[in-house]
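If you read the protein sequences in the order shown, they are chains A and B. If you use numbering that gives the first Met the number 0, the first sequence corresponds to residues 0 to 175, in order. If you use numbering that gives the first Met the number 0, the second sequence corresponds to residues 0 to 175, in order. Backbone N, C-alpha and C fix where the C-beta goes; we use that ideal spot for every residue, glycine too. Quantities reported herein were computed from a predicted structural model and do not represent experimental measurements.
There are 2 protein chains.
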Amino acid sequence: MEEKILSTQQIYNGRIVKLELHEVELPNGQHSKRELVRHPGAVAIVALDKNGDVLMVRQFRLAAGKVLLEIPAGTLNPDEAPLDCAVRELQEETGYKPGEIEPMGGIFVAPGYTTEFIHLFMATDLIESKLALDEDEFIELDRVSMKDALTRIESGEIIDGKTISGLLRAARKLGV
Amino acid sequence: MEEKILSTQQIYNGRIVKLELHEVELPNGQHSKRELVRHPGAVAIVALDKNGDVLMVRQFRLAAGKVLLEIPAGTLNPDEAPLDCAVRELQEETGYKPGEIEPMGGIFVAPGYTTEFIHLFMATDLIESKLALDEDEFIELDRVSMKDALTRIESGEIIDGKTISGLLRAARKLGV
């Protein structure tokens, strides 16, 4: 079932994404083109405060054309371990450090055309710490009970993929 | 919190994705760049056979560098309604038409840089029908019980985002 890369054309080398056009050999020997977005990968964190509420962030997403309610997340720095990135991003976006943090698998967001893999984490025992947002990030922090978060998935208010995967995995783990 | 687009540069116009570079005005009045992948949108279907097993597909994903186990899915044709696309893609990828099909929300796969929104559906009362794969698709059909699918999410065998969102939403709906 594998595809063999025959040649690669670099189309764009940006700040976050790179775009490549690959000529591939299909399993039947025929040739085809594959458009591929290269992305460094990312992390997303379901962080639960001492009341069991989930720390969530609201931010405007140009690609969605609106403000989305998401779990904290961010892109891996070069050579950064996913766990370190999760601790850093949680702190930057919410102002809390995790006392406990554990991996909760991960997702290829759109394996048809992007290499981005998001490592999911669950964080608890949060410790208040400093806020240090990226210069171009404008984020509003919110706290939502897990039950309320699940209702907001069903109602269509929460429509971010990593957030739905993360919350539903956490809900199963917690038996909610 | 909104960002205002000041100018747009077309970088690439491909078969599936377009790449644009936007200059935006941030809420604080400063300017920043946003890389944006334009994607037509897609559908993904949790299809349950008469035994309650989920129809799943295995295919090689160049972006993941391996074969992934996913729910059937596909890209919207121009002007195609998501429901029509879901019926078509299910038939093409599995050889079954849904007797019943209902929407189950949707996901922005990576709203930080791509416009792709995947409409999720649940299909039941499947009717055997003809298989008509795209020319460059090589897909292996599998049937997995919902319980087994959930185990495979936890074990890390299922790592496709739309598949995890779709299966976990369906599991809650079905009370599994």
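Contact between GLY104/A and LEU119/A is confirmed by a C-beta separation of about 6 Å, below the 8 Å threshold. Under the 10 Å beta carbon count, ALA62/A is surrounded by 16 or more other beta carbons and is classified as buried. At a cut-off of 8 Å between beta carbons, ILE163/A contacts chain B. Per the Cβ contact rule, the stretch 48-66 of chain B is not in contact with the stretch 33-40 of chain B (fewer than 3 Cβ pairs under 8 Å). Residue GLU92/A holds the alpha-carbon nearest to the alpha-carbon of GLU134/A among LYS49/A, LEU25/A, CYS84/A and GLU92/A. GLN29/A carries a coil assignment under DSSP once its states are collapsed to helix, strand and coil. Looking at ALA72/A, THR7/A and TYR95/A, the one whose alpha-carbon comes closest to that of HIS21/A is THR7/A. The shortest C-alpha to C-alpha distance from ALA72/A to any of ASP48/A, PRO26/A, LYS129/A and MET121/A is the one to MET121/A. Counting the other Cβ atoms within 10 Å of the Cβ of ALA80/B gives fewer than 16, which makes it exposed. Distance from the CA atom of ALA46/A to the CA atom of GLY165/A, rounded to whole angstroms, is 10 Å.
Residues of the stretch 94-122 of chain B with a C-beta atom less than 8 Å from some C-beta of chain A are GLY104, GLY105, ILE106, PHE107, VAL108, ALA109, PRO110, GLY111, TYR112, THR113, THR114, GLU115, PHE116 and ILE117, listed in chain order. Proximity of the stretch 40-59 of chain A to the stretch 137-146 of chain A meets the contact definition, three or more beta-carbon pairs being nearer than 8 Å. Close to chain B, meaning a Cβ-Cβ distance shorter than 8 Å, are the following residues of the stretch 16-29 of chain A: VAL16, LEU18, LEU20, HIS21, VAL23, LEU25, PRO26, ASN27 and GLN29.
Following the DSSP letters along the chain, one finds SER154/B inside the alpha helix (DSSP H) bounded by residues 145-154. Using a CB distance cut-off of 8 Å, ALA80/B does not count as an interface residue toward chain A.
Judged by their CB atoms, PRO26/A and PHE137/B are nearer to each other than the 8 Å cut-off.
The straight-line gap separating the alpha-carbon atoms of LYS17/A and ILE10/A is approximately 8 Å. Listed along chain A, the residues sitting closer than 7 Å to ALA63/B by beta-carbon distance are PHE107 and PRO110.
With the criterion set as a beta carbon lying under 9 Å from some beta carbon of chain A, the members of the stretch 28-43 of chain B are GLN29, SER31, LYS32, ARG33, GLU34, LEU35, VAL36, ARG37, HIS38 and ALA41, in sequence order. Between ASP159/A and ILE70/A, the alpha-carbon positions lie close to 9 Å from each other. Here VAL23/B is not near LEU140/B, since their CB atoms are 8 Å or more apart. Following the DSSP letters along the chain, one finds ILE163/B inside the alpha helix (DSSP H) bounded by residues 160-173. As computed with DSSP, SER6/A is found in a beta bridge with GLU22/A. As for any alpha helix (DSSP H) of minimum length 4 sitting wholly inside the stretch 76-123 of chain A, the runs are 81-93, ordered along the chain. In the DSSP secondary-structure assignment, PHE59/A is bridged to VAL66/A. In this structure, the beta-carbon distance from LYS172/A to ILE126/A does not fall below 8 Å. Within the same chain, and ignoring the five residues on either side of ALA170/B in sequence, the residues whose Cβ sits closer than 7 Å to its Cβ are MET145 and LEU149.
Note that the C-beta distance between ILE100/A and LYS161/A is not below 8 Å.
At a cut-off of 8 Å, the C-beta of GLY155/B has a neighbouring C-beta in chain A. In this structure, ALA109/B lies near VAL108/A, with their beta-carbon atoms less than 8 Å apart. If you compare the alpha carbons of GLY51/A, ALA41/A, LEU5/A and GLU19/A with that of SER31/A, the shortest gap goes to LEU5/A. Nearest to LYS3/A by alpha-carbon distance, out of LEU89/B, LYS49/B, PHE59/B and GLY28/B, is PHE59/B. If you ignore the 5 residues before and after ASP52/B, its C-beta comes within less than 7 Å of the C-beta of ARG142, VAL143 and SER144, all in its own chain and listed in chain order. For VAL45/A, the uninterrupted beta strand (DSSP E) run begins and ends at 41-46, by DSSP. DSSP, read as helix, strand or coil, puts ASN50/A in coil. As the crow flies, the alpha-carbon of ASN12/B is around 37 Å from that of PRO102/A.
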